[in-house]
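Structure record follows, encoded as structure tokens.
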Amino acid sequence: MEANGTEMVILDDELKKLQGMTDCQMADESAETGENDEVDRRSIYVGNVDYSTKPHDLQEFFKASGQINRITIMVDKWTGKPKGYAYIEFANEDAVNNAVMLNDCLFKDRIIKVIPKRKNIPGYNRKRAHPIRGRGRGFRPMRLARASYATASDADIDENVPDQGEFLAGNKRTRNTKTDFWSRVDAGEINIQSALDAWRNNSNITPQSVVDTTIPNYAISTTNLSDYSYKTTVFGDVYYSPRFNDNKYTYRFVILTKGVRNEAYRILKSCGRHFLTEMQIIHQLGIDLSPGWEHFMVFRNKLEELILRRPLDGIGLLRQLQFEEFLYRKVAPVAEKTAFFVVNNHARTGSKAVVMGLAGKPEQFVKDVEETKARGISLIRRFTGGGTVIVDECSLNTSFIASTWFAKDVAPTDICRWSYEKVFLKSGIFNDRFVFVEGDYVVKKQNHTGDSTANRNDDGTEGEYSYHKVAGNSQAFNAKAFVHHTVFPWNISPLISQILLQPSKAPDYRRGRHHTDFMRSVTEALDPDQGISSITEFEEKLCGKVGTTFGSMLDRVVHISVSKSETQNDICDALDSHKICLSEEFIEQAIATLPSPATKEY
């Protein structure tokens, strides 16, 4: 009994010790919880934060609310990328009330959500199963339309584009393949989503011989996704389809990968009752669009892709070359001290063509003539010599047409070098790697392999450099005038490899290289200090610099534009002006004065 009593006393002491330890632990936890609650009361939650945001950006934005103790930007523990929200701890609770006043404000082009931080409750956002409930027989849930347009901002609305209500109200199930697709979309007569689905099902096959010419947008429906140009964003790749045109617009698709679609869904979900324009969503997704593009969003529960279009303007490539032939044969010989620098940005005109020299024949340069025509690609013979080039929406054409007064002692074979030295090099927009080799404009690169037997220097000697063509050249010359053509590719078109044969004659520095290995974008030859980021900026800079260069040689520089949207100036009244606009009708009348133009379309 005494032994049992002793054991009971010992157990009682142990129990008291355990009880004391438990009380201490609970007191510590209670104190820690109280401290955390006190910190939460001094903290705010900031949602929809731009992914490039740094702590000092948030500190600068919220510094007027009160003293900040800590800023925490939440990141993914696996990838390390920001999650799009942050917590800010202030020194006192009054600062929280001041900070909440910034709710729904614009921060880095985003409407941020600012609320007091709530207590972190595990499982707070976990979805719970709903209780089983019957709906009764014959119940049919409401289903929403799978496709619609997101409303654009006022600046993005075109008067010919129906709004969402008109689009859904005018949606008809009839199909008329002979009617232009996009005009029916503008009229609200076609469900765009079903057509997109049908095109997507056929987008993985490129026909080799049999061509279905009834497909309205052949270039889209028969092009592999691997041929699409793409750009990488923070959330994934964005694919840009080739362009196709009608008589009014040029169009292309922007296909979004899964990561970009998920981010778009998160943005739309987090904006809540706040309305975001299409341009704001596109900006937050990191998608680059050149100026002038109208954009339409296509939804299948989530944002799937964009449809872009822009109005066509200017004149097509065939009319441009014929008008240049008119200037070369009729104007330059009699206008001794007049020079014409013609620039055509085909991102505006939508031209897509294979252009051959004066002696060229389609069978010599094109793999399949009939298929090329079926794809809507023109075959044009120009009035100048030179080789064959592909011109599309990624190309910029320049032509220098003048009398021989500007180059009195220049032989026909030296016109290309003269243009390089007097026109392009003096413009100052090219870097020091932009050189002239064997009649071509090329970009010079140093070989890291040290293979000194593979390439040539400017003087023909062997060296440790490789040369890649960044412009195609051609020229014509007579006793009184000359013309020099140049085609600058802003992006290397996949059509070059798909359509053109390997040339039978090539400069020595090419060394038998294929088109994709031999060609490079003109962007590699531009001076980075000029800040040229688009083909339109390249066009404007080049025109401005060339005008300044020759302005010292001439009495006056006049900018002449050709536009479908503007009315023509009266030539006599506009002689004293520095800007003239010509109409298509004027261009046609000028071309009609040529008895038999050498420029023609096959």
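In the UniProt record's numbering, the protein residues as written are 1 to 602.
Ideal Cβ positions, reconstructed from N, Cα and C, are used throughout, including at glycine.
Treat the numbers as computed from the prediction; the structure is a model and nothing was measured.
Three or more C-beta pairs below 8 Å linking the region 428-438 and the region 541-551: Under the three-pair Cβ rule at 8 Å, the region 428-438 counts as touching the region 541-551.
Outcome for Thr177 when other beta-carbon atoms lying within 10 angstroms are tallied against a minimum of 16: The predicted position of Thr177 is uncertain, since its pLDDT is 38 and thus under 50; a value taken from the coordinates is nonetheless stated next. With fewer than 16 neighbouring CB atoms inside 10 Å of its own CB, Thr177 falls in the exposed class.
Segment contact flag, the region 525-539 with the region 381-391, C-beta cutoff 8 Å, min 3 pairs: In the pairwise beta carbon analysis, the region 525-539 is classified as not touching the region 381-391: fewer than three pairs are separated by under 8 Å.
Per DSSP, cross-strand counterpart(s) of Ala402: Ala402 pairs with Ala339, Phe482.
With 16 other Cβ atoms within 10 Å as the buried cut-off, status of Ser399: Using a 10 angstroms sphere on the CB of Ser399, the tally of other CB atoms reaches 16 or more, which defines it as buried.
Cβ neighbours of Ala335 in the same chain (closer than 8 Å, five flanking residues each side left out): Closer than 8 Å at Cβ, skipping near neighbours: Ser403.
Close Cβ partners of His484 (< 6 Å) along its chain, the five nearest in sequence each way excluded: Within the same chain, His484 has close Cβ partners Phe400, Ile415, Ser419, Gln475.
Residue closest to Gln284, alpha-carbon to alpha-carbon, out of Ile88, Phe235, Gln322, Ala471: Comparing Cα-Cα distances from Gln284 to each of Ile88, Phe235, Gln322, Ala471, the minimum goes to Phe235.
Under 8 Å between C-beta atoms of Val369 and Pro362: Against a cut-off of 8 Å, the Cβ pair of Pro362 and Val369 comes out as a contact.
Beta-bridge pairing of Thr72 - partner residues as DSSP gives them: Partner(s): Tyr87.
For Ala374, the first and last residue of its enclosing alpha helix (DSSP H): Taken as a continuous stretch (DSSP letters only), the alpha helix (DSSP H) holding Ala374 covers 369-374.
Contact belief for Asp392 with His346 at Cβ below 8 Å, rounded distance in angstroms: Asp392 to His346, Cβ: 6 Å. Contact.
Segment contact flag, the region 578-595 with the region 324-331, C-beta cutoff 8 Å, min 3 pairs: Yes: at least three Cβ pairs fall under 8 Å.
Span of the alpha helix (DSSP H), counted from its first residue to its last, around Lys541: Per DSSP, Lys541 belongs to the alpha helix (DSSP H) from 535-551.
Phe326 in three-state terms, based on DSSP: Here DSSP, grouped into helix, strand and coil, assigns Phe326 to helix.
Backbone CA spacing between Arg41 and Gly47 [nearest angstrom]: Their backbone Cα atoms lie some 17 Å apart in a straight line.
Neighbourhood of Ile111 by C-beta distance below 8 Å, restricted to the same chain and skipping five residues each side: Counting only residues of its own chain and dropping the five nearest sequence neighbours on each side, Ile111 has a CB closer than 8 Å to the CB of Asn48, Asp104, Cys105, Cys271, His274, Leu276.
DSSP state of Arg41 mapped onto helix, strand, coil: DSSP, read as helix, strand or coil, puts Arg41 in helix.
Best match in Lys469, Lys480, Asn478 for proximity to Thr486 [C-alpha to C-alpha]: If we check each option's Cα against that of Thr486, Lys469 comes out closest.
Three-state class that DSSP yields for Ala407 in the structure shown: Residue state, collapsed to three classes: coil.
Local conformation of Cys394 per DSSP, three classes: Coil.
Alpha-carbon to alpha-carbon, Gln446 and Met519: Taking the straight line from one Cα to the other gives about 16 Å.
Exposed unless 16 or more other CB atoms sit within 10 angstroms - verdict on Ala479: An exposed status is given to Ala479, since fewer than 16 other beta-carbon atoms sit within 10 Å of its beta-carbon.
Same chain only: Cβ atoms within 8 Å of Leu500, ignoring 5 sequence neighbours per side: These residues qualify, in order along the chain: Val354, Phe365, Val366, Lys367, Thr388, Ile390, His515.
Beta carbon of Tyr240 nearer than 8 Å to that of Tyr230: Judged by beta-carbon spacing, Tyr230 lies within the 8 Å limit of Tyr240, meaning their Cβ atoms are closer than that value.
Counted within 10 angstroms of its Cβ, other Cβ atoms place Asp432 as buried (16 or more) or exposed: The residue is exposed, with fewer than 16 neighbouring Cβ atoms inside 10 Å.
Paired residues, beta bridge with Val437 - DSSP: Val437 pairs with Asp440.
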